[in-house]
Amino acid sequence: MDNDLKFEIETHLQALENEFHRYYRDVNSESPIWRMTRNPFVVEVSDLPEDVQEEFLEMKADSTMMDDFHLLTLEKFWVIRFLVNPN
Numbered sequence: 028m029d030n031d032l033k034f035e036i037e038t039h040l041q042a043l044e045n046e047f048h049r050y051y052r053d054v055n056s057e058s059p060i061w062r063m064t065r066n067p068f069v070v071e072v073s074d075l076p077e078d079v080q081e082e083f084l085e086m087k088a089d090s091t092m093m094d095d096f097h098l099l100t101l102e103k104f105w106v107i108r109f110l111v112n113p114n
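Okay, so the sequence shown: first residue is 28 according to my numbering, each after it adds one.
Have a look at this one:
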């Protein structure tokens, strides 16, 4: 790959990363809520805020939800979850 093109791509990707961090300052990929959105079945319920613990206990115990999580894309899983329980 041409060095100029490589430099241009790297510069562009760095600018995108900087813009993402500026726009989403509060995103902490280590927070339980963030991890829960990526995979709700591996987060300790006790690490979540109390107001969502009961709902996620029910979800973790629901084998249909776990099956859906493994069969669907992450986006489709959460859309279905929202349609089933819009609260």
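Heads up, the beta-carbon is just placed ideally off N, CA and C, and yes, glycines get one too.
Computed from a predicted structure; not experimentally measured.
DSSP three-state call for residue i: helix, strand or coil?
i, result
"Y51", "coil"
"L99", "coil"
"L57", "In the sequence as displayed, the identity of residue 57 is Glu instead of Leu. Coil, per DSSP."
"V79", "helix"
"E37", "helix"
"V72", "helix"
Of all the options the options, which has the alpha carbon lying nearest to the alpha carbon of residue i?
i, options, result
"P67", "K87, S58, P76 and F34", "K87"
"F115", "R65, N45 and V69", "What is shown of the chain runs 28 to 114, which leaves residue 115 out entirely."
"T91", "R108, N30 and P76", "R108"
"M63", "Y50, Y51, I36 and Q80", "Q80"
So residue i and residue j are supposed to be a Cβ contact under 8 angstroms. How far apart are they, rounded?
i, j, result
"P59", "D78", "13 angstroms between Cβ atoms; not a contact."
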